[in-house]
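Written below as structure tokens is the structure these notes are about.
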Amino acid sequence: MRAVSKSLSRRPSPATPRMVFRLQSISLSNGKFITAEGLAAICASLVKLEALDLLICESISERGLMGVAALSCLNSLKLHYCTQLTDAALECIVSALTQLKTLHLIGCNFKCCAMLSTAADT
9 MRAVSKSLSR
19 RPSPATPRMV
29 FRLQSISLSN
39 GKFITAEGLA
49 AICASLVKLE
59 ALDLLICESI
69 SERGLMGVAA
79 LSCLNSLKLH
89 YCTQLTDAAL
99 ECIVSALTQL
109 KTLHLIGCNF
119 KCCAMLSTAA
129 DT
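Listed below in structure tokens is the structure:
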């Protein structure tokens, strides 16, 4: 516990910004102020990202999601209640993310989700 509090109390070293570029997972929740440009900047900076959670980011549009296509290492993507996204954006992103293994879609307005749900029920 002492080591943890010591590390939290010291100033960030000059290497800290470089450590951010090595992040492998990030969760952006309730991001009503996240813009397309902001998401694109995040994705451009975090090229080693393997997991991205966009939870209740209602302002993210199709254009904003296109920045996610650059995340070639991404293997897990969660889109929960991102209501501005379209089927075309989802199709583009899924085809671009060749390493993607897990895709969570909850509360989005994708027509393909309704089709998949109907197909699963039959």
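The sequence shown begins at 9 in the numbering used here and counts up one residue at a time.
Backbone N, C-alpha and C define an ideal beta-carbon position, used for all residues, glycine too.
### Task
Take the Cβ of T24 as the centre, count every other Cβ of all protein chains shown within 10 Å, and call the residue buried at 16 or more, exposed below.
Because the pLDDT of T24 is 49, which lies under 50, any placement of that residue in the model is unreliable, and the number read from its coordinates should be weighed accordingly. Exposed.
### Message
Taking 8 Å as the limit between beta carbons, can you name the residues of its chain near I34, skipping five residues before and five after?
### Response
Within the same chain, and ignoring the five residues on either side of I34 in sequence, the residues whose Cβ sits closer than 8 Å to its Cβ are I50, L54, L57, A59, L60 and D61.
### Query
In three-state DSSP terms, what is L98?
In the three-state scheme derived from DSSP, where H, G and I count as helix and E and B as strand, L98 is classed as helix.
### Query
If you follow the beta strand (DSSP E) that I64 is part of, which residue opens it and which one closes it?
Unbroken run through I64: none, as it is neither H nor E.
### Query
Among the residues of its own chain, which have a CB less than 7 Å from the CB of N117, if the five just before and after it don't count?
Closer than 7 Å at Cβ, skipping near neighbours: T91.
### Query
If we count the other Cβ atoms within 10 Å of its Cβ and call it buried at 16 or more, is G75 buried or exposed?
Counting C-beta atoms within 10 angstroms of its own C-beta, G75 has 16 or more neighbours from the protein chains shown and is therefore classed as buried.
### Task
Name the two residues that bound the continuous alpha helix (DSSP H) containing S53.
Unbroken alpha helix (DSSP H) run through S53: A44 to S53.
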